[in-house]
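Let me begin by presenting the structure, written as C-alpha cells, before commenting on it.
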C-alpha cells in the first residue's frame, strides 16, 4: 500500500508562512485569479461548457455568452458566490457544521434547483461510472451526523488529510440529489483555507479528472484513501507554488 506523502506540502506551506503578512495587493490578485480558476474547473468537471475566459466574463462583467445555456451562467455565478461565502466564514473563524454545509449547497443550486437546494436527498441515487452505491436516502441524516462527529474528533490530523478524507466521506454518502461534487470541493477547501492553506484546485483536464475519480473510486471500493490524499496534496502543492511565485518567493 502506498504511503501518504505531505513533506513537500509542509515545506511549501512553511515558506509561505514565513512571508506573512502577505502583500494585500498580491493577495487580492491571487484571490481574483483562484476564484475564476476554481469556478471554471469545478463546474467543467461536472459538465459545464463555459471556457475559463467565458467564466471570467460571466462572473466579472455580467456578460451573456451566446450558444451557452442559462443554467451554465447560473452555475458560474453561484459558484463564485459560494467561494465568497466560504472566504467570509473562514475570515470569521466559523466552524464547519451542518448549517454551513447546507448554506453552501443552497448557494450552489440557487435558481437552478430551488426545490432541492440545501436539503438532503429524498431519493436513492447511483453515481455514474462507479461501483459504489451511496446509502439509501433514509440513512443520509445519520451518516452525515457520523461524518460531522468524525470531523470533530479528528481535527488533530494534518489539515490536508482531514480535508481530503472529509471530501471522500462526503461524496461516499452523496447526501444531495445534485451538486455533491462542487459542494465537496468547497467543503474541502473550507477546511484547507481555515488552516492557512490556499485552495486545492482539481483541474478539469482529462488526465487530472481521471486521476481524481480513479482515486476516489479506490477509496470507496477498496477502502484505500492514500492515493486520493496524495492526489489532493499535489493540487495543494501547485496552489502553494503559485502563491509563492506571485509574492516573489
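In our numbering, the protein residues as written are 886 to 1134.
Virtual Cβ for every residue (Gly too), placed ideally from N, Cα, C.
With distances taken between CB atoms, is the gap from residue i to residue j smaller than 9 Å?
i	j	result
residue 1072	residue 986	yes
residue 1118	residue 1045	yes
residue 1101	residue 1053	yes
residue 930	residue 1066	yes
residue 1137	residue 1115	Only positions 886 to 1134 of the chain appear in the structure, and residue 1137 is not among them; the question remains open.
residue 1125	residue 1082	yes
residue 1008	residue 1028	no
residue 887	residue 1109	yes
residue 1104	residue 1074	no
residue 1012	residue 943	no
residue 990	residue 1064	yes
residue 1060	residue 1098	no
residue 1037	residue 894	no
residue 1050	residue 1034	no
Go through its chain and collect everything with a Cβ distance to residue i's Cβ below 8 Å, but skip five positions before and after it.
i	result
residue 1093	1087
residue 940	921, 924, 925, 928, 961
residue 1021	1009
residue 896	none
residue 902	1081
Taking residue i and residue j to be in contact with their CB atoms under 8 Å, please state how far apart those CB atoms are, rounded to whole angstroms.
i	j	result
residue 953	residue 935	6 Å
residue 1131	residue 915	5 Å
residue 1010	residue 1062	7 Å
residue 1003	residue 1026	That pair is no contact at about 14 Å.
Residues in the same chain with beta-carbon distance under 7 Å from residue i, minus the five sequence neighbours each way, listed in chain order, please.
i	result
residue 992	963, 966, 967, 970
residue 1079	975
residue 907	1132
residue 1084	919, 923, 1074, 1077, 1078, 1124
residue 1120	1085, 1086, 1087
residue 983	1029, 1033
residue 1096	1116
residue 1112	887, 1100, 1103
residue 1043	891
Sorted by chain position, which residues of the same chain lie with C-beta nearer than 6 Å to residue i's C-beta, five sequence neighbours on each side aside?
i	result
residue 1070	927
residue 911	1131, 1132
residue 1089	926, 929, 930
residue 950	939
> In chain order, which alpha helix (DSSP H) runs of at least 4 residues are fully inside the region 912-954?
Replying inline: 937-941
> Hey, which unbroken runs of the alpha helix (DSSP H) at 4 residues or more fall wholly within the region 1053-1089?
Replying inline: 1065-1079
> Could you give the uninterrupted runs of the alpha helix (DSSP H) lying entirely in the region 979-1044, keeping only those of 4 residues or more?
Replying inline: 983-994, 1025-1038
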